[in-house]
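Okay, so here's the structure we're looking at.
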Ligand SMILES: C[S@@+](CC[C@H](N)C(=O)[O-])C[C@H]1O[C@@H](n2cnc3c(N)ncnc32)[C@H](O)[C@@H]1O
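In my numbering, the protein residues as written are 250 to 584.
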């Protein structure tokens, strides 16, 4: 973990001060440490530079790990399906099959082939309009970030699609965060192998209860991060608490008249995150100044299910074709 972050961190549960027992360090990094809260006694740790600020009493299932475990169990019981997937020609595979095969290739250590297949899967999973819109949002955001000189905290970094854009196109240091320790470890391994080790730090935490001190983070970013968080009730006020500058969120919004997709979002409890007016109102009600930058309309379609594995898909949303508005929500702290 970057040592310069140490002063900015407090207990995510009660915001009390932390006691650090540093067990291994370099001049700029904490490599191994035991951390405890002086106020409430909750315990955290740093292992192999990855900080674990997940709160034990509020543990959420690690959905990336569950997905991987389920697939592993399925392939153990059905080795012939695994064998079929590994030799299937492109025309017999959907994007979902390609993602699963890429994951297996990565596990086998064949990272180059895995990355190639992952890129082909992405082109096959999403509409061209949607991918072009996302690309344009990334370019727009990168131009804004190039003017910054401090570090970035990326929320719900997952496989690190946005983080890679920031690392490739700016000189900024990036704090990579997620609720899932297993996706953090995967993203960590891939970015270290790509040579970004000097510029990255990983912290596992729930974005609804972050370990940052009030007004301590100059730039926060997220790519469809907030829109993937269950029960996101207090997330916008939590990000406001820790921000000392700006929050840039790459979002896509559902049309007000898209009844089918809205009904699905409502069922999952995240409809307000996908409705532009409600989303913006929530920022404003929490004391942020909001601008919507670079709006682009693009069609999205449901992502394909596997042709080889039963009930395996890519994304659960959208559930029907729809026109989505992509943009960057720029929220600034009012002085
Ligand atoms: C699909 S990813 C978003 C894409 C990602 N930002 C990127 O650039 O590749 C969504 C991530 O949100 C994470 N997540 C879900 N709930 C969360 C929470 N409460 N706090 C932090 N991360 C969360 C998931 O583990 C998942 O990795």
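From the three backbone atoms N, C-alpha and C, an ideal C-beta is built for every residue, glycine too.
- With 16 other Cβ atoms within 10 Å as the buried cut-off, status of residue 315: exposed
- Cβ pair residue 404, residue 456 closer than 8 Å: yes
- Query: How big is the Cα-Cα spacing for residue 508 and residue 460?
  - Reply: 38 Å
- Query: Rounded to a whole number of angstroms, what is the C-alpha to C-alpha distance between residue 260 and residue 267?
  - Reply: 6 Å
- What do you get for residue 549, buried or exposed, if any count of 16 or more other CB atoms within 10 angstroms of its CB means buried? buried
- Enumerated in chain order, which unbroken segments of the beta strand (DSSP E) with a length of 3 residues or greater are wholly contained in the region 277-352? 279-286, 292-296, 299-301
- Task: Evaluate residue 399 with the Cβ neighbour count: other Cβ atoms within 10 Å of its Cβ, from every protein chain shown; 16 or more gives buried, anything less gives exposed.
- Result: exposed
- Message: Only counting the same chain, and skipping five residues up and downstream in sequence, which positions put a Cβ closer than 7 Å to that of residue 542?
- Response: 389, 576, 577, 579
- Would you mind giving the Cβ-Cβ distance between residue 426 and residue 439, rounded to the nearest angstrom? I have them listed as a contact below 8 Å. Not quite, the Cβ-Cβ distance comes to about 16 Å (not below 8 Å), so this is no contact.
- Classify residue 458 as helix, strand or coil using the three-state DSSP reduction. strand
- Quick one: residues in its chain with C-beta nearer than 6 Å to the C-beta of residue 530, no 5 flanking neighbours on either side, listed in chain order? none
- For residue 549, which three-state DSSP category applies? strand
- Rounded separation between residue 313 and residue 350 - CA only: 16 Å
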